[in-house]
Amino acid sequence: MKLVFAIIKPSRLEEVRQALNSLDVHGMTVTEVKGYGRQKGHSEIYRGTEYAVHFLPKLRIEIAVEDDQAEAVSAAIRDAAQTGRIGDGKIFILDLLAVTRIRTGETGASAL
Amino acid sequence: MKFVKVLGGMALASLLPALPALAQDAAPVAVIDTGDTAWLIVSTLLVILMTIPGVALFYGGLVRAKNILSILTQVFGAFSVIALLWVAYGYSLAFSGAGEGGFSAFIGDLSNLFLANVTPDSVSGTLPELVFVVFQLTFACITASLVVGGIAERMKFGAVMAFLAIWFTFSYLPIAHMVWSGAGLFFNMGALDFAGGTVVHINSGVAALIAAIVLGPRLGYLKEPIAPHNLVFTYIGACLLWVGWFGFNAGSALGANGVAAQAFLNTITAPAAAAIAWALGEKLARGHASALGFVSGAVAGLVAITPAAGFAGTFGSIVLGAVTGFVCLWAVVTLKPMLKYDDSLDVFGIHGIGGIVGAIGTAIVADPALGGFGAENYAMGGQLAIQVLAVAVAIAWSAVIAFIAMVIVKALFGGARVPEQAESDGLDLSSHGERAYN
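One line per chain: the protein sequences are A and G, in this order. Going by our numbering, the first sequence wraps up at 142, each residue one higher than the last. Going by our numbering, the second sequence wraps up at 442, each residue one higher than the last.
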């Protein structure tokens, strides 16, 4: 099994969700995060003080999938989340050792 | 004890209605004017709203989320403490006293300790004296609350209350007496301060500055971002301040009359001009006109028109407001970083500097030649000198008292600042055991 996690721009969430729905993906977890790569931050001014804000708001999406789904899921996320501008994000794929469904106790692929 | 605050007010207050003469009565009996009284009661309510929650929210939104309750509580606490001290001895020391000899130029006496000689039937001008007592109470309370802005996010709560109580007693009361009491030093010099540019704004601005310097800057000041956590609160607070200020300025006419109406109008035009000036200045100098800049400019304009409210003509007030908008923007954006003091919420930059510009500007805008309402034979040069002198003495007095009060409080509380860990955790949690947002 694989854990696909992606950092995307917050405005692309709905497109990504719809794209994954059509791939029969059973669920996902979304977290609000801050970060930067090559995208520059901005500055904010409050009366006498100016702050350079380096961290930009992003969303982190995590999806647990079967090994043979990982490529397709990754491609779907990329297509849906892309805007063509710096700051679109990245997709990471990690090995997932074990999964358990809390309600029933099922493990492995049937818990995905 | 009849109190005389304003040249125009003096004329009005002495017009006691003539009563049908009874054979035994030689002197007219003072009678209240219900219109004046009703207006002053409303004005008092407006000034209360300026403090709770006006100032509280204005400041609260500017601090970090972990400290908002500490601001709200310090303001609420200051209001409550000063209200009681006012009733106990404040009113007496500010406004009572025979007015001759001794220290009467600097402070009143204790003849009205716990309002001993003030009954519901006592009259002051055309008002029940009790209305005047409460009206002035609200001025003392807001002045103390303003100081909270300079010491935000790092001072022990008990120390804040003690500092304000000491400073109220030895700086607010004497300066209020000197400016507004018939026996007062500045009053007799002919200094003009319609609603408290010196008594309230310069006084509190300077105290906040001294306290901020003695306390030292917040941890991380100038090294990490300390950004406002909720500018919507600051906006709401500023709006409450503006609306409440009509009571502050127009109520200081001590009557429902034309002087009040002019003061009312000036309380719109000056801050409007100041807000636009600040926003314009900010846009030109820094690229954006910000919401915070707009409301800060309005407050600066309100501060500046305070001493001039009943003396300035409409166009004079616009000019005064605009000038103050630019000057206070400069003070906050250039002067403060230059001098490196952590007056956290710009009490000195807006109230102190705005008050100074307003107090001195009053001499200019009160000139009848410029549409003002100064007395006949008005001499701008002479008035300017008087205003400058009064301002200088008030600054020195407030600064010295604030310094001594901080020294006392540091000794009493084993340091006025909270420990570093408490400051990092936030005062809401460490001083009050609460979180504002769950």
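All residues carry an ideal CB built from backbone N, CA and C; glycine is no exception. Since we're looking at a predicted model, the values are computed, not measured.
- Secondary structure remark: continuous beta strand (DSSP E) runs of at least 3 residues inside the stretch 52-105 of chain A, in chain order: 59-65, 72-76, 79-83, 86-95.
- Taking 8 Å as the cut-off, the beta carbon of G/Ala267 is found no closer than this to the beta carbon of G/Ala278.
- Within the stretch 260-332 of chain G, the complete alpha helix (DSSP H) runs of at least 4 residues fall at 262-290, 295-309.
- Of all residues in the stretch 63-77 of chain A, those with a C-beta nearer than 8 Å to a C-beta of chain G are Glu74, Ile75, Tyr76, Arg77, reading in chain order.
- Cβ neighbours of G/Ile364 within its own chain (closer than 8 Å, five residues either side excluded): Leu388, Gln391, Val392, Val395.
- In the displayed model, A/Ile37 falls within a strand according to three-state DSSP.
- Cβ atoms of G/Leu258 and G/Leu44 come within 8 Å of each other, at about 7 Å.
- Along the stretch 344-429 of chain G, the alpha helix (DSSP H) occurs as fully enclosed runs of 4 or more residues at 357-369, 384-417, 424-429, listed in sequence order.
- Residues Arg68, Ala69 of the same chain have their beta carbon placed closer than 6 Å to that of G/His233, with the five preceding and five following residues left out of the count.
- Contact check between the stretch 154-164 of chain G and the stretch 103-116 of chain G: fewer than three CB pairs, one atom from each, fall below 8 Å, which does not count as touching.
- Judged by DSSP in its simplified three-state form, A/Gly119 adopts strand.
- In terms of Cα proximity to G/Phe143, the closest of G/His436, G/Gly301, G/Leu177 is G/Leu177.
- Under the three-state reduction of DSSP, G/Val151 is assigned to helix.
- Leaving aside the five residues that flank A/Val63 on each side, the residues in its chain whose CB is nearer than 6 Å to its CB run, in chain order, Lys88, Arg90.
- In this chain, the alpha helix (DSSP H) harbouring G/Asn192 covers 189-193.
- According to DSSP, residue pairing for G/Met159 in a beta bridge involves G/Arg421.
- Chain-ordered, the chain A residues with CB closer than 8 Å to the CB of G/His292 read Ile75.
- Interface criterion met: the Cβ of G/Pro341 is under 8 Å from a Cβ in chain A.
- Residue-level contact check: G/Ala231 touches chain A, since one or more beta carbons of chain A fall below 8 Å from its beta carbon.
- The beta carbon of G/Leu333 sits closer than 6 Å to the beta carbons of Trp282, Gly285 from its chain, once the five residues preceding and following it are set aside; these are given in chain order.
- Here G/Lys70 carries a helix assignment [DSSP, helix/strand/coil].
- Around the CB of G/Gly317, 16 or more other CB atoms lie within 10 Å, so the residue is classed as buried.
- In the three-state DSSP reduction, G/Val91 falls in the helix class (H, G or I).
- Residue contact check for G/Ser348 against chain A: no CB pair falls below 8 Å.
- In this structure, the straight-line span from the alpha carbon of G/Glu424 to that of G/Gly186 is close to 48 Å.
- Between G/Val299 and G/Ser84, the alpha-carbon positions lie close to 27 Å from each other.
- By the CB criterion at 8 Å, G/Ala163 and G/Val413 fall inside the cutoff.
- At a Cβ-Cβ threshold of 8 Å, G/Phe330 and G/Val369 do not count as neighbours.
- Within the stretch 268-296 of chain G, contact with chain A at the beta-carbon level (separation under 9 Å) is assigned to Glu286, Arg290, Gly291, His292, Ser294, Leu296.
- Boundaries for G/His205: no alpha helix (DSSP H) harbours it, and the DSSP string shows neither H nor E there.
- Checking the DSSP bridge columns, you'll see A/Lys32 partnered with A/Val95, A/Asp125.
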